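Chemist:
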Amino acid sequence: MIVAIDGPSGAGKSSVAKVVARELGFSCLDTGAMYRAVAWLALHDGVALDDNEALGKLAHDCDIRFGHEDGEPVPKQVFVNDNDVTDAIRTAEIDKAVSPVSAAPAVREALVYQQQRIGNVGNYVVEGRDIGTVVFPNAEVKVFLTASAEERAHRRVRQNADRCIGSIDYEEVYADLLRRDEADTNRATSPLKKADDAVEIDSTGDHIETVIAKICDLAKEKQA
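Residue 37 in UniProt numbering is what sits at position 37 of the sequence shown, and the numbering runs on without skipping anything.
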C-alpha cells in the first residue's frame with residue numbers, strides 16, 4: 001500500500017509522514033530530501049542550477065540512500081555518494097537552490113524513477129509535491145496537506161530554531177515560502193497540485209496528532 005502525502009513547503013508533511021509510517025508499520029520515503037540532495041550536489045560540484053541536462057545527469061548518476069537504525073522505518077540520515085548530507089540539505093542555501101533543481105524536467109524524470117522503484121516493493125508513506133499525481137497516481141490513500149502561509153512560516157522558524165539550521169527570521173522565511181509556492185505551483189513539469197481523488201486536510205490551527213489520526217484512519221479504512 002502507498003499512502004501519498006502532498007502539499008506545499010512547511011505544511012508539516014515530513015513530520016506527519018514519519019509518525020504515520022510508525023503508526024502503520026510502513027516505511028517512509030522523503031522525496032523532498034532526494035531533491036535537496038541533488039541540489040546540494042549541484043552546489044558542491046558547481047553545476048549551474050538552470051542547466052537541465054547537467055542537473056539531470058547529476059541526478060541520474062548520483063547514489064542517494066537513507067540511513068536507518070535498528071529496523072526503524074523512518075530514516076535518520078541522508079547520504080549522497082557516501083556524503084552524509086542530513087544537516088547540509090536543510091540550510092537556507094538549499095532552501096533557495098532546491099526549487100530550480102526540482103523544476104528541471106531531467107531531474108524529476110531521474111528521481112521519479114528511483115522513487116517508483118523504491119515504493120513498488122513494500123508498504124510506504126511517501127511525501128512530496130507530486131506523489132499522488134505523478135509518482136504514484138494509483139496510490140490507495142492520497143492526502144493533500146496544507147496550512148496557511150503564515151502558520152507554515154511560523155512552523156518553519158520553530159523547526160529551524162530547534163535544529164539550529166536555517167533562518168529564524170520570520171519575514172525571510174515567510175517570503176521564501178511564498179516564493180517556493182509560486183515556483184512549485186507554476187513549474188512546467190509535475191507542478192504542485194491536489195490530485196482529484198485526494199483528501200485535503202488543512203492543518204491550520206490543528207495539533208499534529210489530529211492530522212496524524214485522520215491519515216491513519218484513511219489508511220486503516222482502505223486496509224479493511
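From the three backbone atoms N, C-alpha and C, an ideal C-beta is built for every residue, glycine too. Note that the structure is predicted; figures quoted are calculated from it, not measured.
Measuring only from the beta carbon, is Ile89 closer than 7 Å to any heavy atom that is part of the ligand MN?
Modeler: With respect to the ligand MN, the structure offers nothing, as it holds no ligand at all.
Chemist: Of the choices Ala59, Ala149, Gln223, whose alpha-carbon is the least far from that of Ser102?
Modeler: Residue 102 sits at position 102 when you count from the first residue of the sequence shown. Ranking Ala59, Ala149, Gln223 by Cα distance to Ser102 puts Ala59 first.
Chemist: Beta carbon of Gln159, beta carbon of Val135: below 8 Å?
Modeler: For the purposes of this step, residue 159 is identified with residue 159 of the sequence shown, where counting begins at 1. For the purposes of this step, residue 135 is identified with residue 135 of the sequence shown, where counting begins at 1. No, the Cβ-Cβ distance between Gln159 and Val135 is not below 8 Å.
Chemist: Asp130: buried (16+ other C-beta within 10 angstroms of its C-beta) or exposed?
Modeler: Counting from one through the sequence shown, the residue named residue 130 turns up at place 130. By the 10 Å Cβ count, Asp130 comes out buried.
Chemist: From which residue to which residue does the alpha helix (DSSP H) around Arg180 run?
Modeler: In the sequence shown, the residue the question calls residue 180 occupies position 180. Per DSSP, Arg180 belongs to the alpha helix (DSSP H) from 170–186.
Chemist: Rounded to a whole number of angstroms, what is the C-alpha to C-alpha distance between Gly224 and Gln77?
Modeler: Along the sequence shown, one-based indexing puts residue 224 at 224. Along the sequence shown, one-based indexing puts residue 77 at 77. The sequence shown places Ala at residue 224, rather than the Gly named in the question. Taking the straight line joining both Cα atoms gives about 33 Å.
Chemist: With H, G and I counted as helix, E and B as strand and the rest as coil, what does DSSP make of Asp162?
Modeler: Along the sequence shown, read from residue 1 onward, the residue named residue 162 stands at position 162. In this structure, Asp162 counts as helix in the three-state DSSP scheme.
Chemist: Over what stretch of residues does the beta strand (DSSP E) that includes Glu127 continue unbroken?
Modeler: Along the sequence shown, one-based indexing puts residue 127 at 127. Run containing Glu127: 124–128, per the beta strand (DSSP E) assignment.
Chemist: Taking three-plus beta-carbon pairs below 8 Å as touching, is the stretch 45–56 in contact with the stretch 104–116?
Modeler: Yes, the stretch 45–56 touches the stretch 104–116.
Chemist: Note the first and the last residue of the continuous alpha helix (DSSP H) segment covering Thr31.
Modeler: For the purposes of this step, residue 31 is taken as the residue at position 31 of the sequence shown. That run of the alpha helix (DSSP H) goes 31–45.
Chemist: Between Ile215 and Lys222, what straight-line distance do the alpha-carbon atoms span, to the nearest angstrom?
Modeler: Translated into the one-based positions of the sequence shown, residue 215 becomes position 215. Translated into the one-based positions of the sequence shown, residue 222 becomes position 222. Distance between the alpha carbons of Ile215 and Lys222 is about 11 Å.
Chemist: Between Ala153, Asp184, Ala198, which has its C-alpha nearest Tyr174's C-alpha?
Modeler: For the purposes of this step, residue 174 is identified with residue 174 of the sequence shown, where counting begins at 1. It is Ala153.
Chemist: From the DSSP output, which residues share a beta bridge with Cys28?
Modeler: On the sequence shown, position 28 is the one that residue 28 refers to. Per DSSP, Val125.
Chemist: To which residues of the same chain is Ala92 closer than 7 Å at the C-beta, ignoring the five residues directly before and after it?
Modeler: Taking the sequence shown and counting its residues from 1, the one referred to as residue 92 is at position 92. Gly166, Ser167, listed in sequence order.
Chemist: Rounded to the nearest angstrom, how far is the Cβ of Asp184 from that of Ser99, given a contact under 8 Å?
Modeler: Here residue 184 refers to the residue found at position 184 when the sequence shown is read from its first residue. Here residue 99 refers to the residue found at position 99 when the sequence shown is read from its first residue. Indeed, because the Cβ distance is near 7 Å, the residues count as touching under 8 Å.
Chemist: Specify whether the stretch 180–195 and the stretch 137–150 touch according to this definition: at least 3 beta carbon pairs, one from each stretch, less than 8 Å apart.
Modeler: Contact holds: three or more Cβ-Cβ distances are below 8 Å.
Chemist: Would DSSP call Ala110 helix, strand or coil?
Modeler: Residue numbering aside, residue 110 sits at position 110 when the sequence shown is read from its first letter. Residue state, collapsed to three classes: helix.
Chemist: Count the other CB atoms within 10 Å of the CB of Ala188; is the residue buried (16 or more) or exposed (fewer)?
Modeler: Within the sequence shown, residue 188 is the residue found at index 188, counting from 1. Exposed, because fewer than 16 other Cβ atoms sit within 10 Å of the Cβ of Ala188.
Chemist: In whole angstroms, what separates the C-alpha of Val38 from that of Val112?
Modeler: Within the sequence shown, residue 38 is the residue found at index 38, counting from 1. Within the sequence shown, residue 112 is the residue found at index 112, counting from 1. Answer to the nearest angstrom: the Cα atoms are 13 Å apart.
Chemist: Once you ignore the five residues that flank Ala4 on each side, which residues in its own chain have a CB closer than 6 Å to its CB?
Modeler: As a position in the sequence shown, residue 4 is number 4, starting the count at 1. Val126, Ile131, Gly132, Phe136, Ala139, Lys142.
Chemist: Express the C-alpha separation of Ile89 and Ala33 in angstroms, rounding to a whole number.
Modeler: On the sequence shown, residue 33 is found 33 positions in, with the first residue counted as 1. On the sequence shown, residue 89 is found 89 positions in, with the first residue counted as 1. About 7 Å.
Chemist: For Ala198, I'd like the list of residues in its chain whose CB is within less than 8 Å of its CB, leaving aside the five on either flank, ordered along the chain.
Modeler: Working through the sequence shown from its first residue, we reach residue 198 at position 198. Taken in chain order, the residues that qualify are Ala4, Asp6, Gly132, Lys142, Val143, Phe144.
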